[in-house]
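Participant: If you scroll down you'll find the structure; I have some questions about it.
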DNA sequence: CATGAATGAGGATTCATTCAT
DNA sequence: TATGAATGAATCCTCATTCAT
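Chains as they are written, first to last, in the working numbering: chain A, 63 to 270; chain B, 63 to 270; chain C, 63 to 270; chain D, 63 to 270.
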């Protein structure tokens, strides 16, 4: 179809790199050095750059996979009858990923990554979240002014809320996720005091 | 008479450094370079290290001041009759500080700082928050299992929730603060699904 | 006048760096590494970047000094009565510099440097050469269609002509300089077969 | 019968590599990466090293071919009656090659290549140039002290003279070639001020 | 025999910290 | 005492060459 079959060792090393990158980015955030990822994969630094033309590209490859999985999860949940429950399940799954993966949380919660593919995947995630949220709104399961972008932002916020506890209490996020569930649940009629965000903006160039 | 009086310019420089550090850390986070702080203070880099033995020490001195101010705010609010309103006011004030000060939020929300003084100041803040929260609990204004540490953690979470929006919408945090208010308000009787944190633990030494 | 007096050791080190850079660039061309220049100066790599914000900046500082000296030489020679002799002396001085300094020749003969100051200094050099050449043209000492840019280009060409010989015969350039003198001398009336260049163009981005 | 016939695809690949190398070296100089040459040939990098033990070896093979072609051109021109015209034609052809081929010019004008074959081919070229030049000298078409090595060196010099102009004015070399013709033409009796070079010396090992 | 994957030294640049002036 | 100069480890990335497939 697409040409020649990649060599088995290259496939293996690419996988090793993605795994090592995923593990290392997850544990330490986007700041890890290429050297460390390479060492973690048991490969040379140069090999990283053979497979991914820059650190950002490697990060993007890993993030894209995770973003798409999350979109899939959301899509699957669209078939559920209980839209409120589906949204809760989506958020539960997602927060777990945010908690497990420091880099993922950094990328989604503060999209300083410039690669268009990642931007688009985040946009897809927001859309999927919006679809889930819209159904929950229609069923009266959540407040009428809650949006998909709100939901995505809340995931990052919940993770950060629990962050200082996670080393000692890996499940502590459940407490704050539940608080968030209560917060977004349908309420008599009080609208939120600030209009919903339109979309996740790209980070401008940061001073310094 | 061996205790010498500090020279007046030394006092002045220390103040300049604290001001410059506060301003710079606030805008750019804990990652700013010492060079930039020194320049912002109109002083030399060496002077920073004469007054503070490390970057962390300077950061700590600034954070201590802010932490104590926040403790004072909380203490003052204890005199209010409406404990629920007092807690809300405390949280509103605090979130604004978190939003204004990147470094403060980083330090409180992820206490990677090792200095005991900062730890203790954060503990004092949590205690003050706990006192406020306890009164609100007693008055039935918030759920019975909400703690002061929850409140402190939520501040960081709210700021992070709004973070991607703040550049374009500086008041967006109000939306998520309101959600949090709803989340922590008294509820029929559902307890949160995970026990409250005892205290904010210190980060273990972070690799890298 | 301009503020504080620079520290004597900084002055010394800046001089050391300029000397080391001049020596090293001269011998090996613009491709030398910063590490080597630093070592040649007996200083650390970081010190180079304290004094010059990039390798190109250091190179420019050195080249600017040399370019201006050459412009001065040309200006002084404008007072000579014998315009043809003055031009010859200018070219003789200049070729010696080209021969001694690989980087200078690379910068002038192929101005891939982007810094405007260097561009402007090269332009000044071309103007000075044009003034000298114009007088020689008026006195009939050189062909009527010879320009200052021709002269500058010829300097580079003469150096490259002699280049393979210079290690063994450091004065070999004199042979080809004399040939060039003959070539540019006034001739009955044959115009050169291609129009004179207007100015030295900046290198466009090179493929690869 | 132990000498095996090379496989036909090996022959083809060698040819592809020589063609790709010629094209790529010509456009970008000796600095091109092996990767680029391989890609240009539609082959793998490893294949380059199977056919040529190093980048220099490949470069040498290509340069040898071009050098020998130029020797042939010179030899053919020996049959012309007008020795001065023949020399001019040789130089015109040669300069065009120098202009078209960055690497060729780099190798001939600065023979940093260490391989004896290239040295010998350059020597052959110088001899052919000497033969042409000798006839021109005898016919009084050029100065009596002009040598073949002078001629070869001038080719490189002319190309470098025009170099900064070539991107915008591909024919600008004609201007400086004409100047060189004038310079080497017979003159009353002034000898050049520096003795002719005996041969093109090999560069000593260049530091760096 | 052909491939392209892996390697690792080397290059420019940044910054917390130390120390001479 | 205040300064800012000097340091060098660390970072991302390139490329000639080697070698497993």
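Cβ coordinates follow ideal geometry from the N, Cα and C atoms, glycine included.
Along the chain, where does the alpha helix (DSSP H) containing residue 195 of chain D start, and where does it finish?
Facilitator: Start and end: 178 to 200.
Participant: Taking 7 angstroms as the CB-CB cut-off, is residue 168 of chain B touching chain A?
Facilitator: Residue 168 of chain B does not count as touching chain A.
Participant: Quick check: what's the CA-CA separation for residue 159 of chain B versus residue 170 of chain C?
Facilitator: When rounded, the distance between both Cα atoms is 56 angstroms.
Participant: Are the beta-carbon atoms belonging to residue 277 of chain A and residue 226 of chain B less than 7 angstroms from one another?
Facilitator: For chain A, the structure presents residues 63 to 270; residue 277 of chain A sits outside this window and is missing.
Participant: Relative to the C-alpha of residue 258 of chain D, which residue among D:96, D:216, D:228 is closest?
Facilitator: Cα-wise, what sits closest to residue 258 of chain D is D:216.
Participant: Is DSSP giving residue 247 of chain B helix, strand or coil here?
Facilitator: Strand at residue 247 of chain B.
Participant: Checking contacts by CB at 7 angstroms: is residue 172 of chain C closer than that to chain D?
Facilitator: Closer than 7 angstroms to some Cβ of chain D, the Cβ of residue 172 of chain C qualifies, so yes.
Participant: At the 7 angstroms Cβ level, is residue 233 of chain A part of the contact set with chain B, yes or no?
Facilitator: So, interface residue.
Participant: Would DSSP call residue 169 of chain C helix, strand or coil?
Facilitator: Helix.
Participant: Starting from the C-beta of residue 199 of chain D, find all residues in its chain whose C-beta is less than 7 angstroms away, skip the five residues before and the five after it, and write them out in chain order.
Facilitator: 206, 208, listed in sequence order.
Participant: Whose C-alpha, out of A:224, A:195, A:212, A:211, is nearest the C-alpha of residue 137 of chain A?
Facilitator: Measuring from the Cα of residue 137 of chain A, the nearest candidate turns out to be A:195.
Participant: Count the other C-beta atoms from every protein chain shown that fall within 10 angstroms of the C-beta of residue 240 of chain C, then say buried if there are 16 or more, exposed otherwise.
Facilitator: Its Cβ being crowded by 16 or more others within 10 Å, residue 240 of chain C is buried.
Participant: Tell me, please, whether the CB atom of residue 156 of chain C is closer than 7 angstroms to any CB atom in chain D?
Facilitator: By this cut-off, residue 156 of chain C is not an interface position.
Participant: Assuming residue 86 of chain A contacts residue 99 of chain A under a Cβ cut-off of 8 angstroms, what Cβ separation, rounded to an integer in Å, is found between them?
Facilitator: At roughly 5 angstroms, the Cβ-Cβ gap stays under 8 angstroms, so residue 86 of chain A and residue 99 of chain A are in contact.
Participant: Considering only DSSP beta bridges, list what residue 204 of chain C is partnered with.
Facilitator: Looking at the DSSP assignment, residue 204 of chain C forms a beta bridge with C:247.
Participant: So, using beta-carbon positions, are residue 113 of chain C and residue 76 of chain C closer together than 7 angstroms?
Facilitator: Cβ distance < 7 angstroms, so residue 113 of chain C and residue 76 of chain C count as in contact.
Participant: Within the 7 angstroms Cβ cut-off, does residue 236 of chain D reach chain C?
Facilitator: Closer than 7 angstroms: yes.
Participant: Pick helix, strand or coil for residue 89 of chain A, following the three-state DSSP scheme.
Facilitator: Three-state DSSP puts residue 89 of chain A in a helix.
Participant: Any heavy atom of the ligand ATP inside 6 angstroms of the beta-carbon of residue 171 of chain D?
Facilitator: For the structure depicted, the ligand ATP is absent and the ligand set is empty, with no information on it obtainable.
Participant: Which term fits residue 73 of chain A, buried or exposed, when burial requires 16 or more other beta carbons within 10 angstroms of its beta carbon?
Facilitator: So residue 73 of chain A ends up on the exposed side.
Participant: Run down chain D in chain order and give the residues with a C-beta less than 8 angstroms from the C-beta of residue 255 of chain C.
Facilitator: Per Cβ cutoff of 8 angstroms: 236, 237, 240.
Participant: Can you confirm whether residue 261 of chain A, when its beta carbon is compared against all beta carbons of chain B, has any partner nearer than 7 angstroms?
Facilitator: With 7 angstroms as the cut-off, residue 261 of chain A does not count as an interface residue toward chain B.
Participant: My understanding is that residue 91 of chain A touches residue 124 of chain A, with C-beta atoms under 8 angstroms, so please give their C-beta distance in whole angstroms.
Facilitator: Going by Cβ atoms, the distance from residue 91 of chain A to residue 124 of chain A rounds to 13 angstroms, so no, they are not a contact pair.
Participant: Could you tell me whether the Cβ of residue 202 of chain C comes closer than 7 angstroms to any Cβ of chain D?
Facilitator: It does not; no Cβ of chain D falls within 7 angstroms.
Participant: Can the beta-carbon of residue 197 of chain A be found less than 7 angstroms from the beta-carbon of residue 145 of chain A?
Facilitator: Contact flag set, yes.
Participant: Return helix, strand or coil for residue 120 of chain B, following the three-state DSSP convention.
Facilitator: Looking at residue 120 of chain B - three-state DSSP - the assignment turns out to be helix.
Participant: For residue 104 of chain A, count neighbouring Cβ atoms within 10 angstroms of its own Cβ and tell me buried if that reaches 16, exposed if not.
Facilitator: Under this definition residue 104 of chain A is an exposed residue.
Participant: Would residue 107 of chain C be called buried (16 or more neighbouring beta carbons within 10 Å of its own) or exposed?
Facilitator: Classification of residue 107 of chain C: exposed, given that the 10 Å Cβ count is below 16.
Participant: Cutting at 6 angstroms between CB atoms, please list the residues of its own chain near residue 223 of chain A, excluding the five before and the five after it.
Facilitator: So the list reads 238, once near-sequence residues are dropped.
Participant: Can you check whether the CB of residue 126 of chain D is closer than 7 angstroms to the CB of residue 183 of chain D?
Facilitator: Result yes, Cβ atoms of residue 183 of chain D and residue 126 of chain D sit closer than 7 angstroms.
Participant: In chain order, what residues of the same chain lie with their CB nearer than 6 angstroms to the CB of residue 242 of chain A, ignoring the 5 residues before and after it?
Facilitator: Excluding sequence neighbours, residue 242 of chain A sits near 216, 220.
Participant: Name, please, each residue of chain A whose Cβ falls closer than 7 angstroms to the Cβ of residue 223 of chain B.
Facilitator: In chain order: 215, 216, 218, 219.
Participant: Could you please tell me which residues of the stretch 100 to 113 of chain C, in chain order, have their CB closer than 7 angstroms to any CB of chain D?
Facilitator: Those residues of the stretch 100 to 113 of chain C that come within reach of chain D (Cβ to Cβ, closer than 7 angstroms) do not exist; the list is empty.
Participant: Could you say which of D:191, D:101, D:140, D:147 lies nearest to residue 202 of chain D if we only look at CA atoms?
Facilitator: Comparing Cα positions, the closest option is D:147.
Participant: Examine chain A for any beta-carbon lying closer than 7 angstroms to the beta-carbon of residue 227 of chain B, and answer yes or no.
Facilitator: Yes, contact with chain A.
Participant: Leaving aside the five residues before and after residue 97 of chain B along the sequence, list all residues of the same chain whose C-beta is less than 8 angstroms from its C-beta, in chain order.
Facilitator: Once the five neighbours on either side are set aside, the close Cβ partners of residue 97 of chain B are 107.
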